[in-house]
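Peer 1: If you scroll down you'll find the structure; I have some questions about it.
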Amino acid sequence: MILLKYPPPQQCPVCESKLTIQELKCDHCTTVIRGNFESTRLASLNGEQLHFVEVFLKVRGNIREMEKELSVSYPTVRNRLDQIVDTLGFQSWPAAAPAAPAAPAAPPEQAASEDSQRKQILSKLNEGEITVEEALKLIGASKK
151 MILLKYPPPQ QCPVCESKLT IQELKCDHCT TVIRGNFEST RLASLNGEQL HFVEVFLKVR
211 GNIREMEKEL SVSYPTVRNR LDQIVDTLGF QSWPAAAPAA PAAPAAPPEQ AASEDSQRKQ
271 ILSKLNEGEI TVEEALKLIG ASKK
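Under the working numbering, the letters of the sequence shown match residues 151 to 294, in that order.
Structure representation (structure tokens):
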């Protein structure tokens, strides 16, 4: 009999609390160990994210090599890496300090709208719906 192996769920489907592993079994000799076991942070990644991490390790973190291996753009590699960092519960690196003085702050409603537009543009870029050049133009136009 062939057993399909699925990744263990990380969250309770009812209350969304963290699940613990309570039983481990040897497929060869059927030994069973019971207790409360924690899974690793990597277990919280989905299949696509795990593949990304495997490629990342294979190319020793070289982003340019990641672009080639995954056939995606540099910003897409960075976005996926940032998503994985967030999923694993690590803090992202702070953004680089601006070289020029910052423009006056926009009203909160306008800032939220601009942020939403930026996220939509980056999402389209991440999905390959637009090019980097188109994304830059759209982000530049949304600031005016």
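All C-beta atoms, glycine included, are put in the ideal place defined by N, C-alpha and C.
In three-state terms, what does DSSP make of phenylalanine 202?
Peer 2: helix
Peer 1: By DSSP, does isoleucine 234 sit in helix, in strand, or in coil?
Peer 2: helix
Peer 1: In angstroms, rounded to a whole number, what distance separates the CA positions of leucine 286 and isoleucine 171?
Peer 2: 46 Å
Peer 1: Report the rounded CA-to-CA distance for phenylalanine 240 versus valine 209, giving the unit in angstroms.
Peer 2: 22 Å
Peer 1: Measuring CB to CB, does serine 223 end up less than 8 Å from valine 282?
Peer 2: yes
Peer 1: Go ahead and pull the three-state DSSP assignment for asparagine 354.
Peer 2: Only positions 151 to 294 of the chain appear in the structure, and residue 354 is not among them; the question remains open.
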